[in-house]
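Protein chains in written order, with my numbering: chain A, 327 to 516; chain B, 327 to 516; chain C, 327 to 516; chain D, 327 to 516.
Cβ atoms here follow ideal geometry from the backbone N, Cα and C, with glycine treated the same way.
Every value quoted in this text rests on a predicted model; they were computed, and no experiment measured them.
4 protein chains.
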Amino acid sequence: MSGAQERPLRADAARNRARLLDVATEVFTTRGLGVPTEEIARTAGVGVGTLFRHFPTKEALLEAVMVRRLETIKAGLVGIAATAPPDEAFFGCFRLVVEQSMGKNEFTRALTAVGVDVHEALRESSAAIQTQLTEVLAGAQRAGAVRPDLGPPELIALLVGTGATMEQLAGDPAARERIFEVVFDGLRPR
Amino acid sequence: MSGAQERPLRADAARNRARLLDVATEVFTTRGLGVPTEEIARTAGVGVGTLFRHFPTKEALLEAVMVRRLETIKAGLVGIAATAPPDEAFFGCFRLVVEQSMGKNEFTRALTAVGVDVHEALRESSAAIQTQLTEVLAGAQRAGAVRPDLGPPELIALLVGTGATMEQLAGDPAARERIFEVVFDGLRPR
Amino acid sequence: MSGAQERPLRADAARNRARLLDVATEVFTTRGLGVPTEEIARTAGVGVGTLFRHFPTKEALLEAVMVRRLETIKAGLVGIAATAPPDEAFFGCFRLVVEQSMGKNEFTRALTAVGVDVHEALRESSAAIQTQLTEVLAGAQRAGAVRPDLGPPELIALLVGTGATMEQLAGDPAARERIFEVVFDGLRPR
Amino acid sequence: MSGAQERPLRADAARNRARLLDVATEVFTTRGLGVPTEEIARTAGVGVGTLFRHFPTKEALLEAVMVRRLETIKAGLVGIAATAPPDEAFFGCFRLVVEQSMGKNEFTRALTAVGVDVHEALRESSAAIQTQLTEVLAGAQRAGAVRPDLGPPELIALLVGTGATMEQLAGDPAARERIFEVVFDGLRPR
DNA sequence: CATGAATGAGTATTCATTCAT
DNA sequence: GATGAATGAATACTCATTCAT
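Printed below as a string of structure tokens:
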């Protein structure tokens with residue numbers, strides 16, 4: 327289904343690629359997009375050249391990081407949506423997205439890009455996620471578990487915003503739980 | 327309270343300073359912190375040298391911008407808190423902060439800094455705001471208008487997060503209103 | 327007559343600009359376009375930043391160098407054409423162009439650009455030169471001093487080529503003189 | 327005459343080598359020396375490793391390309407010199423060299439290297455060519471077909487320069503023919 | 001032998017900040 | 001005080017060359 331047939335990639339090359347992605351995810355998340363490519367490469371234990379061989383552009387690296395994130399989220403959403411009843415499914419999905427999206431928000435906000443001028447690779451993952459969310463939202467609304475006047479745009483905005491909220495409470499899980507209560511309460515039909 | 331006696335500043339110098347602050351606010355808000363100092367200076371109609379005379383560092387400029395914002399917010403909060411009944415006061419303040427904090431979030435998030443390692447100048451404004459918010463929150467809780475299990479940290483986090491949410495809905499005022507309903511609903515004791 | 331009104335430029339700035347042009351002319355001519363910008367700046371006694379302030383691009387620097395060269399040539403051509411009889415004018419112009427065009431030919435060949443996709447700034451100078459050459463050629467042909475079957479394209483090609491020839495004989499002025507004889511002889515109607 | 331005994335080279339290795347030479351000739355000629363080795367390898371259908379096995383250096387590849395060119399020219403010269411009368415031989419050789427030397431001149435100019443600091447491999451071919459040219463020149467001069475005051479250096483310079491001239495007239499064969507007339511006329515004793 | 005992944009020095013360009021005019 | 005020219009550290013990206021597979 328995916329376009330270009332990707333050749334298997336030598337074992338060590340794959341390891342390098344993975345390490346680069348891990349490092350990039352880490353630094354982009356915690357320190358923002360300003361981190362020098364060279365540092366990312368060094369931290370991953372490779373030369374800059376290697377980084378640029380795998381990701382021809384810093385932007386491409388960022389994109390790859392995001393795609394991986396989105397794919398993880400997508401898989402999670404699909405799992406939840408498949409097994410849980412509408413009500414639970416909706417709130418479970420909301421939690422999942424928020425928890426997976428925490429981190430330096432300059433980066434997180436990429437989710438925003440949904441629907442905007444995202445690069446091709448991202449578009450697919452984004453679209454899939456949006457579809458999932460739209461479905462669970464509709465399901466929950468049909469089941470009377472969520473206010474009927476909210477559309478997907480509000481949902482996505484709320485996901486992003488709640489992620490930002492959580493970021494502020496990074497050190498206090500109990501407080502985060504209270505925030506979930508607040509938001510979930512607010513989402514239910516009054 | 328501040329150390330050095332601040333000399334009155336010549337009329338044109340004051341005008342320049344103000345123009346710089348206006349321009350900086352505008353560009354930081356809409357285009358983020360990456361905008362070159364030179365461009366800010368040019369847009370304000372002065373040379374870079376002048377910019378650096380008024381604000382010895384780009385960071386200092388940012389700080390000044392934020393202080394002004396915070397002062398505005400503070401004034402607003404004080405006004406509301408003084409005149410409205412607890413319930414109304416709380417939600418009014420919430421609205422005010424969120425609406426004043428919208429804009430490029432990389433920047434807005436400076437509000438976050440509240441309580442962290444902010445620079446001296448900010449600390450004062452921040453503290454005042456935090457005090458105000460703490461008070462209206464307590465008042466509203468005493469009046470039974472807000473869940474009693476929320477503390478100032480959660481409130482602040484929620485303010486930041488709701489700001490982020492609103493940013494996503496920049497073009498749709500009606501949707502933003504619905505978000506306020508959701509959050510306010512969630513904040514009330516169930 | 328020239329487009330943008332160029333402000334006078336501070337004395338030292340003008341000096342730097344001139345030095346940069348001189349250095350660039352020198353190195354481009356003797357060592358080709360591969361010379362690092364940083365080296366050019368250092369040789370001119372300024373920082374890279376200064377170089378890029380005056381010439382926003384390496385290409386822009388090259389262009390400026392060429393424009394200056396072409397302007398010099400143009401002035402020379404005009405002088406000769408105005409005072410000498412057709413025969414002498416033509417051969418004098420030929421000499422002038424060849425002598426001014428010597429140097430690393432990768433660079434010289436810019437003259438070639440005449441008529442191609444040159445940048446705006448060059449186009450003007452190039453066009454003026456081409457016009458001059460076309461005129462002296464026609465004059466000389468009318469006067470029976472040059473074969474009538476040659477057009478401006480052949481003349482220009484021959485100028486470039488003769489420049490290349492001379493480059494090979496950099497150390498031997500007498501040999502160069504003989505080459506002029508050969509070419510001039512060949513240009514006369516048999 | 328050459329030191330190391332050259333092993334016959336496996337059939338496919340030989341094919342690769344040849345393909346690399348062909349591709350390199352093509353790209354160096356049409357696009358200059360800046361073309362990345364990797365692209366050359368890819369175009370030839372081999373990996374970079376293979377390229378560097380055959381030619382330990384990019385420069386070595388360039389050298390090999392030139393040697394082949396020079397060998398071709400040499401063979402041509404020998405053929406002409408052996409069969410034609412002095413007059414014809416000289417002008418035929420001139421034509422041959424010029425026509426074979428056309429192409430991106432940054433590259434062509436390698437011919438220049440004749441007599442300079444060329445690498446060993448080139449020196450041999452260059453020397454042979456120079457010898458041939460010296461001979462046909464002397465022959466033609468003895469036969470009164472060429473000005474007696476020209477030596478091999480002028481001849482070589484003229485060959486290079488005429489090549490450059492021709493490059494400018496790449497699209498116009500008739501013009502090129504006129505250039506030959508001009509140069510040949512000039513070469514004859516007045 | 002062939003492959004292509006890895007390397008890292010090298011290069012153009014940007015931008016906060018300083019300082020002579 | 002104001003100006004804008006000068007500075008140079010920093011950064012993304014390229015490419016010849018090496019070496020593990």
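Per-residue burial, residue i [other beta carbons within 10 Å of its own, 16 or more giving buried]
i	result
residue 405/D	exposed
residue 466/A	buried
residue 395/A	buried
residue 350/D	buried
residue 412/C	buried
residue 370/A	buried
residue 337/D	exposed
residue 468/B	exposed
residue 500/D	exposed
residue 415/A	buried
residue 356/B	exposed
residue 480/B	buried
residue 496/A	exposed
residue 493/C	buried
residue 457/A	exposed
residue 512/D	buried
residue 491/B	buried
residue 471/B	buried
Candidates the options, of which the one nearest residue i by Cα
i	options	result
residue 462/A	420/A, 489/A, 425/A, 359/A	420/A
residue 477/B	459/B, 381/B, 499/B, 389/B	459/B
residue 455/C	350/C, 388/C, 403/C, 347/C	403/C
residue 426/B	389/B, 414/B, 399/B	399/B
residue 484/A	397/B, 515/B, 345/B, 502/B	502/B
residue 381/D	493/D, 354/D, 362/D, 343/D	343/D
residue 446/B	386/B, 365/B, 379/B, 364/B	386/B
residue 518/A	354/A, 353/A, 422/A, 363/A	The shown model of chain A, from 327 to 516, leaves out residue 518/A, and the question about it has no answer.
Coarse secondary structure for residue i, derived from DSSP in three states
i	result
residue 498/C	coil
residue 402/D	helix
residue 460/A	helix
residue 355/A	helix
residue 336/A	coil
residue 417/C	helix
residue 349/A	helix
residue 408/A	helix
residue 392/A	helix
residue 512/D	helix
residue 308/D	Residue 308/D lies beyond the range of chain D shown here (327 to 516); nothing can be said about it.
residue 381/D	coil
residue 477/B	coil
residue 486/B	helix
residue 492/A	helix
residue 372/B	coil
residue 424/A	helix
residue 360/A	coil
Same chain only: Cβ atoms within 6 Å of residue i, ignoring 5 sequence neighbours per side
i	result
residue 360/D	none
residue 489/A	424, 427, 428, 434
residue 474/A	467
residue 518/C	Any property of residue 518/C remains undetermined from this structure, which presents chain C solely from 327 to 516.
Neighbourhood of residue i by C-beta distance below 7 Å, restricted to the same chain and skipping five residues each side
i	result
residue 367/C	373, 374, 376, 377
residue 417/A	510
residue 347/A	390, 391, 394
residue 345/C	370, 371
Contacting residues, own chain, Cβ-Cβ under 8 Å from residue i (five flanking each side not counted)
i	result
residue 340/B	none
Residue i CB to nearest heavy atom of the ligand MN below 8 Å
i	result
residue 455/B	Questions concerning the ligand MN fall outside what the structure shown contains, since it holds no ligand whatsoever.
Exercise for the section: Taking only beta carbons into account, state which residues of the region 449-474 of chain A come closer than 9 Å to chain B, listed in chain order. Expected result: 473
Exercise for the section: Using a Cβ-Cβ cut-off of less than 8 Å, give me the residues of the region 502-513 of chain C that come near chain D, in sequence order. Expected result: 504, 505, 507, 508, 509, 510, 511, 512, 513
Problem - Chain-ordered residues of the region 477-495 of chain B with a beta carbon less than 7 Å from chain A - result: 479, 480, 482, 483, 484, 486, 487, 488, 490, 491, 494, 495
Exercise for the section: Can you give me, in chain order, the residues of the region 342-366 of chain C that have a beta carbon less than 7 Å from any beta carbon in chain D? Expected result: none
Handout entry: Within 9 Å of chain A by C-beta, residues of the region 384-402 of chain B in sequence order
Key = none
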